Amino acid sequence: MTTLKIGDKAPKFCSLNQNQEKICLSDFLGKKLVLFFYPKASTPGCTLEACNLSENHKRFIQSGYNVLGVSADSPKRQLNFKNKNGLAYDLISDEEKQVIKLYGVWGPKKFMGKVYDGIHRTTFIIDEQGSIIDIIQKVNTKDHASQILQ
């Protein structure tokens, strides 16, 4: 779905997290970043994915990665999702879909024979210089950490 490729510079963004604090891609320069996009907070697949990443948060930190989730949910919904599941990282609220569209993860999806626009579950691994070093489009929600930390 996305037109971004490995080796591309990650598109710069600034957006609000679950606490309505501004977070920018530039905050992570000099660090590796797992930037994952998910369709909707508190849905079964998104909860599995977010919890798997959170359960492995220490492994990510030990490997030099920060983790950041993005969906079109409101800051309040993101905060509830984070608190309910004890997530160890920030969640971006992208209600206007600016970051989502910047990364090319918004588009037609099919569910039960119906086509609609939505967020494609996609993860970008970004290196210390801000370049994309991996893109995961076939996300295993139950064991996404292993896909990243392989």
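Read in order, the letters of the sequence shown correspond to residues 7 to 156 in my numbering. Each residue gets a CB set at the ideal place from its N, CA and C atoms; glycine is no exception. All values reported here derive from a predicted model rather than from experimental measurement.
Assuming residue i and residue j are in contact, meaning their beta carbons sit under 8 Å apart, how far apart are those beta carbons, in whole angstroms?
{"i": "isoleucine 163", "j": "leucine 59", "result": "Here the chain comprises residues numbered 7 to 156, so residue 163 is not present and cannot be evaluated."}
{"i": "leucine 10", "j": "tyrosine 109", "result": "6 Å"}
{"i": "isoleucine 12", "j": "isoleucine 141", "result": "6 Å"}
{"i": "proline 45", "j": "serine 77", "result": "7 Å"}
{"i": "aspartate 96", "j": "isoleucine 29", "result": "6 Å"}
{"i": "arginine 65", "j": "alanine 151", "result": "7 Å"}
Is it right to say residue i is buried, meaning 16 or more other beta carbons lie within 10 angstroms of its own, or is it exposed?
{"i": "glutamate 27", "result": "exposed"}
{"i": "lysine 3", "result": "Any property of residue 3 remains undetermined from this structure, which presents the chain solely from 7 to 156."}
{"i": "asparagine 23", "result": "buried"}
{"i": "serine 137", "result": "exposed"}
{"i": "valine 40", "result": "buried"}
{"i": "aspartate 123", "result": "exposed"}
{"i": "isoleucine 67", "result": "exposed"}
Determine the direct distance from the alpha carbon of residue j to that of residue i, and round the result to whole angstroms.
{"i": "aspartate 100", "j": "threonine 129", "result": "16 Å"}
{"i": "isoleucine 106", "j": "alanine 16", "result": "12 Å"}
{"i": "alanine 94", "j": "asparagine 62", "result": "9 Å"}
{"i": "alanine 56", "j": "leucine 155", "result": "15 Å"}
{"i": "glycine 70", "j": "asparagine 146", "result": "22 Å"}
{"i": "histidine 113", "j": "glycine 92", "result": "In the sequence as presented, histidine is not what sits at residue 113; that position holds glycine. Approximately 30 Å, taken between the alpha carbons."}
{"i": "arginine 127", "j": "cysteine 52", "result": "9 Å"}
{"i": "valine 111", "j": "phenylalanine 117", "result": "16 Å"}
{"i": "aspartate 14", "j": "proline 50", "result": "32 Å"}
{"i": "glutamine 104", "j": "lysine 120", "result": "25 Å"}
I'd like to know whether the C-beta atoms of residue i and residue j end up nearer to each other than 7 Å.
{"i": "glycine 36", "j": "glutamate 134", "result": "yes"}
{"i": "phenylalanine 5", "j": "isoleucine 125", "result": "This structure leaves residue 5 out entirely; the chain is present only between 7 and 156."}
{"i": "leucine 54", "j": "lysine 148", "result": "yes"}
{"i": "phenylalanine 19", "j": "asparagine 72", "result": "no"}
Cβ-heavy atom distance between residue i and the ligand MG below 6 Å?
{"i": "isoleucine 139", "result": "Absence of the ligand MG is noted for the structure shown, with no ligands found whatsoever."}
Check your understanding: Which parts of the segment 26 to 59 are runs of the beta strand (DSSP E), unbroken and 3 residues or longer, counting only runs that do not cross its ends?
Key -> Restricting attention to beta strand (DSSP E) runs no shorter than 3 residues, the segment 26 to 59 encloses them at 28 to 30, 38 to 43, ordered along the chain.
Practice item. Report the residue ranges of all beta strand (DSSP E) runs contained in full by the segment 51 to 117; include only those spanning at least 3 residues, in chain order. Key: Correct list: 71 to 77, 96 to 99, 112 to 117.
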